[in-house]
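Each residue of the sequence shown is one higher than the last, beginning at 18 in my numbering.
Glycine included, C-beta positions come from ideal geometry on N, C-alpha and C.
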Amino acid sequence: RTGTEASTDGALVANPVVLAFAGLLPAFGAAVSYFFMLTVPALRTTAWPTFAMLVLALTMGVAAVARRRRWWSILLAVLNLLIVGMFTVFFFFGLRLPASTGGPAVAEVAPDFTLTDQQGRTVKLSSYIGKGPVLLIFHRGAACAFCSARLRMHNDLQDQFEKLGGTVLAVSSDTPETCAREAASSRLKFPVLADPDMKVIDQYGLRHRAAPGLGDVSLPAALLIDRDGVIRWKHVPRDLKDAEQVAVIQ
């Protein structure tokens, strides 16, 4: 490398315009890329790569202001700060869920129900009881990126669960048409049962009333039901990024 090339590179790094605009790239990239990591439990729950990129973006924005206090550098630094702040609030506070109300508890018998799956077939819970354990998943719908990612994580565990003689069933608050589209796009191996009237969801005490941007939907939940129809394990997360139910089953 010549002295001219090195000095040019140094000038670019030191240039406040370059710093200010370049700082936006990791800021936007961090916020967007997080949603592509939702099927990785460790990254979903901690988001450390995302926060590392956001800190880098903020540092670059502050450095640009320190080198040249112009309106544009301050504006870009503020934009960086807004992105960091909005994601932080979203991550720590925007994904919280209310507690479930009522519904069967562990050691109680799981209420029976009949619903239609993504292929239009009638599925009855009691027809699976006695054949082996049933993992019953409650899904709030395709509009929830976190919940769709959770379904795909369960899909990856389907083969392991079947080797133990188990069956996976998912109950969704979506319409049958939406369930069919999501099952096809995610290549789900287990039945996704449509409960748009939320009768089964109410039976299990899992209605989330007036969820922001979604209306009434199901709380995400997972129940493990034994051969006698008794609930042996139940998990209703209080945070959408919670991946504990998959980890416990695994």
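Roughly how many whole angstroms lie between the Cα atoms of D212 and F108? Translated into positions along the sequence shown, residue 212 becomes position 195. Translated into positions along the sequence shown, residue 108 becomes position 91. Between D212 and F108, the C-alpha separation is close to 29 Å.
Could you give the DSSP three-state label for G27: helix, strand or coil? For the purposes of this step, residue 27 is identified with residue 10 of the sequence shown, where counting begins at 1. Caution applies to G27, whose pLDDT of 43 falls short of 50 and renders its modelled position unreliable; the value that the coordinates give is listed next. Helix.
Any alpha helix (DSSP H) of 4 or more consecutive residues that is wholly inside the stretch 58–138: 58–63, 65–84 and 88–109
Going by alpha carbons, who is nearest to G246 out of M103, T184, K216 and F45? Position 229 of the sequence shown, counting from 1, holds the residue named residue 246. Answer by Cα proximity: T184.
Nearest-angstrom Cα distance between T192 and L132? Reading the sequence shown from its first residue, position 175 is the one you call residue 192. Reading the sequence shown from its first residue, position 115 is the one you call residue 132. About 11 Å.
So for V185, helix, strand or coil by DSSP? Residue mapping note: residue 185 aligns to position 168 of the sequence shown, counting from 1. Correct three-state label for V185: strand.
Could you round the C-beta distance between S190 and V234 to whole angstroms and report it? I think they count as a contact, below 8 Å. For the purposes of this step, residue 190 is taken as residue 173 along the sequence shown, with counting starting at 1. For the purposes of this step, residue 234 is taken as residue 217 along the sequence shown, with counting starting at 1. At roughly 5 Å, the Cβ-Cβ gap stays under 8 Å, so S190 and V234 are in contact.
Cβ contact check for the stretch 209–223 and the stretch 122–140: 3 or more pairs under 8 Å: yes
Counting Cβ pairs closer than 8 Å, one from the stretch 223–233 and one from the stretch 136–150, do we hit at least three? no
DSSP three-state call for I146: helix, strand or coil? For the purposes of this step, residue 146 is identified with residue 129 of the sequence shown, where counting begins at 1. The answer is coil: DSSP assigns I146 none of H, G, I, E or B.
For the alpha helix (DSSP H) that contains K180, what are its first and last residues? Taking the first residue of the sequence shown as position 1, residue 180 is located at position 163. A162 to K180 is the extent of the alpha helix (DSSP H) around K180.
Using the Cβ count rule (16 or more neighbours within 10 Å means buried), how would you classify P237? Indexing the sequence shown from 1 puts residue 237 at position 220. Result: buried.
With 16 as the cutoff for other CB atoms within 10 Å, does A74 come out buried or exposed? By one-based count along the sequence shown, residue 74 stands at place 57. With 16 or more other Cβ atoms within 10 Å, it is buried.
Can you check which of these residues, P115, Y145, T76 and S50, is closest to A162 by C-alpha distance? The sequence position of residue 162 within the sequence shown is 145, counting from 1. A162 has its Cα closest to that of S50, out of P115, Y145, T76 and S50.
Between which residues of its own chain and R220 is the CB-CB distance below 6 Å, once the five residues before and five after are set aside? Along the sequence shown, one-based indexing puts residue 220 at 203. In the sequence under discussion, the amino acid at residue 220 is Gln, which differs from the Arg named in the question. Once the five neighbours on either side are set aside, the close Cβ partners of Q220 are P128.
Distance between beta carbons of P150 and I242, contact taken as under 8 Å: For the purposes of this step, residue 242 is identified with residue 225 of the sequence shown, where counting begins at 1. For the purposes of this step, residue 150 is identified with residue 133 of the sequence shown, where counting begins at 1. About 7 Å separates the two Cβ atoms, so the contact holds.
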